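Structure first, commentary second.
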Amino acid sequence: MKILVTGAAGNIGKEIVAQLQPNHEVVGADLAEFDIADWNSTHAFIQEQHPDLVIHPAAWTDVDGCARDPQKAIMINGLGAQNVAVAAAAVSAPIVHISTNEVFDGYGEHLYKEYDRTQPTNPYGYSKWVAEQAIPAVNSRHYIVRPSWVFSHGGRNFIQAILGAAEAGKQLRVVTNEVANPTYSVDLAEAIIKLSSTGRYGIYHLANEGAVSRYQFARYVLDVAGYKDVPIQPISASEWPRASTPPMYAGLENMAAAMLGIRLRPWQQAVDAFMTREGILS
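Under the numbering used here, residues 33 to 314 are what the sequence shown spells out, in order.
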């Protein structure tokens, strides 16, 4: 099978490419190959490659940047995704689109299921919501995947930021009232690949099992890495000003994928695996 992966240099895309390569013909594309926000560029590239499947992680994921420039966010994350979906449909290819838990408002205190009402509260979430509305209208063979708090190898992420601050002896202040599922890119990629072979199109939550606060996430990372004596000052989100306002409680329940036998391990096990591969744990 020939599979096109957009955003192939990104945190999710590079892991998908790595896992697909042993068994498939993989075309990894990034901005150098085509600009998803440009219809002509997108259409021409996908027509030329003529893939059997398109996996679309490419996005502008700087949530604070999206808040500062909402129009750019819509162009890339919303209309860009629509361009990819239309071009995929033109070559009869299904599309796997990577969305986000930030399509939810986070006002409740329950794990969100796939069928719960979406109501984004920031420009990043809104741009992803636009894509979720557009894709089914232009490509009936679609998987929409919502992960949350993705961490990966080879790039800065929450785990590395916490450990770096601890090693440097910096004071740690971490939010207690922002909750979601930490998700390991290796597990996410594996689940996406499994899902894409099912032919069961629709919306799926793919996140490691268990929702946790940023504070609890940080505390676990430090404890496991041998920094149990490093204190963390708990703070509320209002004490950590930023351009974007994330949903406060946006944990995900992987209900639909679990019905297909696709489950992601608990987030603690995923963090342990990440830190082992990084050489933090032996």
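Glycine included, C-beta positions come from ideal geometry on N, C-alpha and C.
Predicted, not measured: the structure shown is a model, and the values here were computed from it.
Beta-bridge pairing of residue i - partner residues as DSSP gives them
i: K34; result: E57
i: H174; result: I127
i: Y216; result: F183
i: Y144; result: L284
i: V162; result: DSSP output for V162 lists no bridge partner at all.
i: L211; result: Strictly speaking, residue 211 in this sequence is Val, with Leu absent from that position. According to DSSP, V211 bridges with S245 and Y281.
Within 9 Å, strictly: CB atoms of residue i and residue j
i: I130; j: P89; result: yes
i: M287; j: K145; result: yes
i: H174; j: A117; result: yes
i: S245; j: N209; result: yes
i: T132; j: I87; result: no
i: Q203; j: Q248; result: no
i: A215; j: V182; result: Per the sequence shown, the amino acid found at residue 215 is Thr instead of Ala. Closer than 9 Å, so yes.
i: F306; j: V218; result: yes
i: A120; j: N171; result: yes
i: T230; j: L292; result: yes
i: N109; j: Y156; result: yes
i: A269; j: V207; result: yes
Pick from the options that is closest to residue i, judged by C-alpha positions
i: G112; options: D67, L284 and D84; result: D67
i: M280; options: H174, A243 and A119; result: A243
i: E271; options: R205, E310 and K226; result: R205
i: I35; options: G42, I44, A290 and V49; result: V49
i: D84; options: A125, G231 and N133; result: A125
i: I127; options: D70, I176 and F183; result: I176
i: S184; options: D255, A221 and Q79; result: A221
i: G234; options: G187, A289, I108 and R309; result: A289
i: M107; options: G138, D70, G140 and F77; result: D70
i: A64; options: H82, G42, G196 and R297; result: G42
i: I312; options: A76, R149 and I194; result: I194
i: R274; options: V95, G110 and G187; result: V95
i: V303; options: A76, Q192 and V170; result: Q192
i: A317; options: K260, L227 and R149; result: What is shown of the chain runs 33 to 314, which leaves residue 317 out entirely.
i: I225; options: T74, Y139 and R295; result: R295
i: L254; options: Q300, Y147 and I267; result: Q300
i: Y147; options: A99, A40, L284 and R251; result: L284
i: N240; options: F77, R251 and A212; result: A212
i: E164; options: N154, R178 and C98; result: R178
i: A99; options: T308, P298, P278 and R309; result: P278
i: V58; options: R297, H82 and S73; result: H82
i: Y252; options: S73, F190, R297 and S276; result: F190
Residue span of the alpha helix (DSSP H) that contains residue i, given as start and end
i: V303; result: W299 to R309
i: L204; result: Premise fails: L204 lies in the beta strand (DSSP E), L204 to V207, not in any alpha helix (DSSP H).
i: Q151; result: Premise fails: Q151 is in no alpha helix (DSSP H) and is neither H nor E.
i: F190; result: F190 to E199
The ligand ZN heavy atom lying under 8 Å from the CB of residue i
i: P273; result: With respect to the ligand ZN, the structure offers nothing, as it holds no ligand at all.
Complete alpha helix (DSSP H) runs within the segment 227 to 290 (minimum length 4 residues, chain order): Entirely contained in the segment 227 to 290, the alpha helix (DSSP H) runs reaching 4 residues are, in chain order, 246 to 256 and 287 to 290.
Segments of 4+ residues assigned as alpha helix (DSSP H) that fall wholly inside the segment 43 to 131: If we require 4 residues or more, the alpha helix (DSSP H) runs fully inside the segment 43 to 131 come out as 45 to 52, 71 to 81, 95 to 100, 102 to 105 and 112 to 122.
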